[in-house]
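*Asks:*
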Amino acid sequence: MTPDVVKVVATPDYSIVAEFETGEVRRFDMRPYLDFPAYAALKEPGLFMRAHVEYGTVVWNDEIDLSPDKLYLRGLAAT
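With positions in the sequence shown counted from 1, the corresponding number in my numbering is that position plus 8.
1) From what residue to what residue does the alpha helix (DSSP H) around Lys78 run?
2) Put Ala46 into one of helix, strand or coil per three-state DSSP.
3) Per DSSP, which residues does Asp73 bridge with? Please list them.
4) Using CA atoms only, rank isn't needed, just tell me which of Pro11, Lys15 and Ile24 is closest to Phe56.
5) State the DSSP-derived secondary structure class of Arg58, mapped to helix, strand or coil.
6) I need the boundaries of the beta strand (DSSP E) containing Asp21, first residue and last residue.
7) List the whole-angstrom C-beta distance separating Pro76 from Val13, where the pair is believed to meet the contact cut-off of C-beta under 8 Å.
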């Protein structure tokens with residue numbers, strides 16, 4: 009089972025830096041996803057930078073979220 013996200017930081021280059029309950033930190037590049045309809049609104053920097061954690065998942069608003077599975081499995085280990 010994938011660990012939950014406990015902390016997230018959105019960066020101006022459209023990356024997400026997520027810390028998991030295990031203490032691991034992963035960086036996930038959102039740029040390839042911004043052309044998908046589900047994430048297109050995140051091209052607006054003001055919205056993208058509002059990423060936060062709810063119930064172990066990264067969310068921006070009631071309609072846009074990113075599962076901890078995707079962040080954990082596809083993210084790169086960050087230091």
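Where a beta carbon is used, it is the ideal one built from N, C-alpha and C, also for glycine.
*Replies:* Inspection of the coordinates gives the following:
1) Position 70 of the sequence shown, counting from 1, holds the residue named residue 78. From DSSP, the alpha helix (DSSP H) with Lys78 extends over Pro76 to Arg82.
2) For this step, residue 46 is matched to residue 38 along the sequence shown. It is coil, neither helix nor strand.
3) Your numbering for residue 73 matches position 65 in the sequence shown. Looking at the DSSP assignment, Asp73 forms a beta bridge with Val67.
4) Against the sequence shown, residue 56 aligns to sequence position 48. Ranking Pro11, Lys15 and Ile24 by Cα distance to Phe56 puts Ile24 first.
5) By one-based count along the sequence shown, residue 58 stands at place 50. Coil at Arg58, not helix or strand.
6) As a working mapping, residue 21 is identified with position 13 in the sequence shown. Premise fails: Asp21 is in no beta strand (DSSP E) and is neither H nor E.
7) Here residue 76 refers to the residue found at position 68 when the sequence shown is read from its first residue. Here residue 13 refers to the residue found at position 5 when the sequence shown is read from its first residue. Correct: roughly 5 Å between the Cβ atoms.
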